[in-house]
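Colleague:
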C-alpha cells in the first residue's frame with residue numbers, strides 16, 4: 001500500500017503523467033523488481049544512458065540484456081577486460097569464430113563494459129561519484145531490459161587492517177570516514193542518508209565458496225568485516241605520504257587502531273555508494289576486495305608484479321566460482 | 335615564522351626526521367614553492383606515485399618534468415589525448431621522426447598522461463575522489479621535479495544554468511550542494527574544510543582571451559560565475575531521469591532557480607576538489623567548462639555529434655591560446 005501511495009503522489013505531482021491510468025494499472029504496468037525506482041522513467045519514450053552509451057530504444061535493451069544475472073564491477077578498465085575473458089573461459093561462453101568481446105561503452109570513453117552471456121564486466125573508475133553515475137545507468141539498464149534476479153559484485157583492491165596482504169575481505173557493512181554506515185548525498189540543497197547494508201545471503205554463500213577456494217589454494221584468507229570507504233586515497237585514508245599531511249604518524253596510528261576497534265577490516269573508496277545505492281534499489285550486492293598491503297605497517301604498495309597479478313586474481317576466482325555454481329544450480333532446476 | 339613553527343612541530347613529532355638539522359636548515363633545504371607541503375616527503379628516499387606510475391628516483395623526475403609550466407586536466411582519457419595533439423600543433427612542439435606521444439601512466443591503467451614540452455595533458459576521471467588522487471600525485475610530481483610557476487587548468491564539460499549550450503564558464507568560486515564554498519574532507523575521523531577560491535589573475539587573463547577568441551569565432555560566449563560541484567550526476571544535480579528520483583519536477587525547478595539566485599552558472603563534479611586542493615597548495619588554477627545543455631530546460635544531453643565535438647573544442651581553444659600567449663611572453667623576456 002505504501003508503494004501505491006507513493007505512485008499516487010507522483011501521479012498527482014508530475015504533470016506529464018497520463019491522467020487516464022489509475023494507480024492500480026500503473027503498478028501492474030511497472031513490471032520492475034527494482035525498489036524505489038524513479039516513477040518518471042515510465043513516461044520517457046526514450047532514455048539515453050549517456051555514460052555507458054546505450055539507448056533504451058536504440059540499443060534493443062530487452063533483447064540484448066534480458067538474460068543478465070551478474071554485474072561485476074571493478075576500478076580499472078584493463079582489470080575488468082581481463083575479468084571478462086576469465087569468466088568467458090570459466091563458464092564456457094562461446095565467442096563466435098572470427099569475433100571478439102567488444103567494449104560496449106567505447107564511444108563514451110567513460111567506462112569499459114563487456115557482456116559475456118549472463119555476466120556484465122564493467123569498470124567503475126575511482127571513488128563514489130564515478131560509481132554513482134554507473135550504477136544509476138546500470139539500474140536503469142536492468143529495469144529497461146527486464147532482467148530478473150541480478151546480483152552485483154564489486155571486485156576491487158584495497159588496504160587491509162590487521163590482515164595479511166592478499167586477504168580477500170567481504171564487506172558486511174560499509175562505513176564512512178566518521179564510522180557511520182551511511183551513504184550521504186546532497187539532493188536539492190538538503191543532505192539525504194541511505195543505509196549501506198550488504199546482502200547477507202550473498203555474503204554467506206561467498207564465505208562458503210571462499211573456504212572451498214582456499215582449500216584448493218586458489219585464494220589466501222577470506223574474511224568478512226566492515227569496510228571504511230574514504231573519498232580520498234591519501235589524507236582520507238590516513239596516509240602520511242600524500243601531497244599534504246597535517247597530522248603526525250602517531251595520530252595516524254591511533255586512527256587506524258580506532259578503525260580496528262570499530263571492526264574495520266579494510267579501506268577503499270567505493271563501497272559506500274555501491275552498497276547505499278544497491279540496497280536502496282533492493283538489489284543483491286556484495287563487495288569482495290583483496291588487500292594489497294596492511295595499513296597498520298605501510299602506506300605504499302610495494303608488491304612485485306607477480307604478487308600484484310596473483311592478488312588481483314583472487315576476487316576473480318571467488319566471484320567466478322560463485323557465478324559458476326549459481327549458473328549450474330539454475331541449469332539443474334531447468 | 336608560522337611556517338617555521340609548523341616545520342618545528344613536525345620535527346618534534348616525526349621520529350624518523352633526522353635530528354641534526356635545524357628548522358632554518360630544513361626550510362632552506364625544502365626548495366619548494368608548494369604551500370602546505372607534507373613535510374614527511376623530505377625524508378622519503380623514494381616515492382612511487384602509484385596511480386600515475388612514476389617513481390621519484392626511477393623516473394628521473396627533475397630531468398623529465400622540470401620544464402612543466404601547464405598541467406591541463408579533463409575527465410575523459412580520449413579527450414585529453416586529443417588535447418595533447420591539439421596543443422602539440424598549436425605550440426609547434428616537435429615529436430621526433432618515427433615516434434609518437436606516449437601515455438606515461440599506461441601500466442597503471444588509472445589515468446592517461448601525456449607530456450608535450452612544457453604542457454602535461456592528463457585525464458582525471460569523474461568526481462572529486464578521482465581528481466583528489468591525481469592531484470596529490472601531480473603536486474608531489476611538481477615538487478620533486480622542481481618545476482616552477484606551474485598553472486593547472488581543468489578543461490571540462492558541464493550543465494549550464496541560464497546560459498546557451500556551448501558557453502564556456504570560468505569558475506570564480508566552486509560551491510558544494512549546500513552552496514558552501516568549501517571542499518570538505520574526512521581526515522582521521524574529523525571533518526576538515528578547505529577553501530575553494532580560484533586564481534583571479536588567471537581568470538582575468540582567460541576572460542580577456544575569451545573575448546579575443548569569440549571575436550575570431552573560435553568560441554561562443556565566455557562567462558565567469560560560481561560552479562556547483564555535485565558528487566553525483568543524477569540526484570545530486572537535480573535531474574529527474576536517474577534510477578531514483580524522490581522529488582517532483584516542480585521541486586527540481588525551484589532548486590535550479592535557487593542555484594541561479596546564488597550566482598551558480600554551471601554544475602559539474604570536480605571543481606570543489608580541484609580548487610580546494612590547488613588553492614591549499616598555493617598553486618595557480620582555473621576551471622573552464624563548456625555547457626552541453628541548459629539545465630533550466632533539459633536533463634538529457636541531445637547534441638549532435640558535430641555540436642558535441644565543436645563544444646568540447648571550445649575550452650581547448652581558450653586554454654590553448656592562454657598557453658600560447660604565456661609561452662610567447664616568456665620567450666620575449668628571455
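Residue numbers (this note's numbering), protein chains in the order written: chain A, 1 to 334; chain B, 335 to 668. For every residue, glycine included, the Cβ atom is placed at its ideal position computed from N, Cα and C.
1) Alpha carbon to alpha carbon, how far is residue 326 of chain A from residue 210 of chain A? Give it in angstroms, no decimals.
2) Return the first residue and the last residue of the beta strand (DSSP E) that residue 172 of chain A is part of.
3) For a contact defined as C-beta to C-beta under 9 Å, what are the partners of residue 140 of chain A on chain B?
4) Buried or exposed: where does residue 340 of chain A fall if 16 or more other Cβ atoms within 10 Å of its Cβ makes it buried?
5) Using beta-carbon positions only, say whether residue 431 of chain B and residue 617 of chain B come within less than 8 Å of one another.
6) Does the CB of residue 127 of chain A have a neighbour CB from chain B at under 8 Å?
7) Suppose you measure from the CA of residue 440 of chain B to the CA of residue 385 of chain B; what does that come to, to the nearest Å?
8) Around the Cβ of residue 631 of chain B, are there at least 16 other Cβ atoms within 10 angstroms (buried) or fewer (exposed)?
9) Give a yes or no on whether 8 Å exceeds the smallest Cβ distance from residue 300 of chain A to chain B.
10) Which residues does DSSP list as the beta-bridge partners of residue 619 of chain B?
11) Please classify residue 379 of chain B: does DSSP put it in a helix, a strand, or coil?
12) So which residues of chain B does residue 308 of chain A contact, with C-beta pairs closer than 8 Å?
13) Curious, which full-length beta strand (DSSP E) runs of at least 3 residues does the segment 421-497 of chain B contain?
14) Which two residues bound the contiguous beta strand (DSSP E) that contains residue 266 of chain A?
15) Taking a contact to mean a Cβ-Cβ separation below 8 Å, would you say residue 291 of chain A touches residue 166 of chain A in this structure?
16) With a threshold of 8 Å, are at least 3 pairs of Cβ atoms found where one atom belongs to the segment 584-603 of chain B and the other to the segment 443-457 of chain B?
17) For the segment 593-624 of chain B, which residues have a CB atom closer than 9 Å to at least one CB atom of chain A, in sequence order?
18) Am I right that residue 574 of chain B and residue 560 of chain B are in contact with their C-beta atoms under 8 Å? What's the rounded C-beta distance?
19) When the cut-off is 8 Å and only beta carbons count, does residue 395 of chain B lie next to chain A?
20) Please name the residue in A:278, A:273 and A:130 whose C-alpha comes closest to that of residue 36 of chain A.
21) Between residue 424 of chain B and residue 450 of chain B, what straight-line distance do the alpha-carbon atoms span, to the nearest angstrom?
22) Suppose you measure from the CA of residue 516 of chain B to the CA of residue 465 of chain B; what does that come to, to the nearest Å?
23) Below 8 Å on the Cβ atoms is my guess for residue 108 of chain A versus residue 53 of chain A; work out the distance and round it to an integer in Å.
24) Once the 5 residues before and after residue 416 of chain B are set aside, which same chain residues still bring their CB inside 7 Å of it?
25) Just to confirm my understanding: we take residue 619 of chain B, look at its own chain, exclude 5 residues before and 5 after, and list those with CB closer than 8 Å. What are they?
26) Is the number of C-beta pairs between the segment 599-606 of chain B and the segment 549-569 of chain B that are closer than 8 Å three or more?
27) Quick check on this structure: which residue in A:57, A:206 and A:114 has the alpha carbon closest to the alpha carbon of residue 71 of chain A?
28) Cα separation between residue 95 of chain A and residue 101 of chain A?
29) Taking the alpha-carbon of residue 213 of chain A as reference, which of A:163, A:320 and A:184 has the nearest alpha-carbon?
30) Identify the contact partners of residue 37 of chain A in chain B, using a Cβ-Cβ distance below 8 Å as the criterion.
31) Is there at least one Cβ from chain B nearer than 8 Å to residue 295 of chain A's Cβ?
32) Using a C-beta to C-beta distance shorter than 8 Å, which residues of chain A count as neighbours of residue 411 of chain B?
33) Please name the residue, chosen from B:445, B:482 and B:412, that lies closest to residue 399 of chain B on a Cα-to-Cα basis.
34) Starting from residue 517 of chain B and walking both ways along the beta strand (DSSP E), at which residues does that stretch end?
35) Can you tell me which of the three DSSP states residue 392 of chain B falls into?
36) Closer than 7 Å between beta carbons: that is the criterion. Which residues of the segment 378-389 of chain B meet it against chain A?
Modeller: According to the structure shown:
1) Going from the Cα of residue 210 of chain A to the Cα of residue 326 of chain A covers about 15 Å.
2) Judged by DSSP secondary structure, residue 172 of chain A falls within the beta strand (DSSP E) whose first and last residues are 168-175.
3) The contacting residues are 575, 576 and 577.
4) Given that chain A is displayed from residue 1 to residue 334, the structure contains no residue 340 of chain A and the question cannot be resolved.
5) Cβ distance not < 8 Å, so residue 431 of chain B and residue 617 of chain B don't count as in contact.
6) Residue contact with chain B for residue 127 of chain A: present (Cβ-Cβ distance below 8 Å to some residue of chain B).
7) So the alpha carbons of these two residues sit roughly 10 Å apart.
8) Flag for residue 631 of chain B reads exposed.
9) When Cβ-Cβ separations below 8 Å define contact, residue 300 of chain A makes contact with chain B.
10) Answer by DSSP bridge pairing, in chain order: B:486.
11) In the three-state DSSP reduction, residue 379 of chain B falls in the coil class, being neither helix nor strand.
12) Within chain B, no residue comes near residue 308 of chain A; the closest Cβ sits about 11 Å away, beyond 8 Å.
13) Fully enclosed beta strand (DSSP E) runs of no fewer than 3 residues occupy 447-450, 453-457 and 485-494 of the segment 421-497 of chain B, in order along the chain.
14) Residues 264-268.
15) With contacts defined by Cβ atoms closer than 8 Å, residue 291 of chain A and residue 166 of chain A form a contacting pair.
16) Too few Cβ pairs lie closer than 8 Å, so no.
17) Taken in chain order, the members of the segment 593-624 of chain B whose beta-carbon sits within less than 9 Å of a beta-carbon on chain A are 593, 603, 604, 607, 611, 614 and 615.
18) Residue 574 of chain B to residue 560 of chain B, Cβ: 23 Å. No contact.
19) By this cut-off, residue 395 of chain B is not an interface position.
20) Of the candidates A:278, A:273 and A:130, the one whose C-alpha sits nearest the C-alpha of residue 36 of chain A is A:278.
21) Using only the alpha carbons, I get a separation of about 11 Å.
22) Each residue's Cα considered, the two are about 16 Å apart.
23) Going by Cβ atoms, the distance from residue 108 of chain A to residue 53 of chain A rounds to 4 Å, so yes, they are a contact pair.
24) Sequence-distant Cβ neighbours of residue 416 of chain B in its own chain, meaning closer than 7 Å and more than five residues away, do not exist here.
25) Setting aside the 5 residues that flank it on each side, residue 619 of chain B is surrounded in the same chain by 485, 486, 487, 488, 532, 533, 536, 608, 609, 612 and 613, each with a C-beta closer than 8 Å to its C-beta; the list follows chain order.
26) Contact between the segment 599-606 of chain B and the segment 549-569 of chain B is established, with three or more Cβ pairs separated by less than 8 Å.
27) The residue with the shortest Cα to Cα distance from residue 71 of chain A is A:114.
28) Roughly 7 Å between the two C-alpha positions.
29) The residue with the shortest Cα to Cα distance from residue 213 of chain A is A:320.
30) In chain order: 577 and 578.
31) No, no contact with chain B.
32) Here the neighbours are 109.
33) Nearest C-alpha to residue 399 of chain B: B:482.
34) Residue 517 of chain B: member of the beta strand (DSSP E) spanning 516-521, first to last residue.
35) Residue state, collapsed to three classes: coil.
36) Considering only beta carbons, the part of the segment 378-389 of chain B lying closer than 7 Å to chain A consists of 378, 381, 382 and 384, in chain order.
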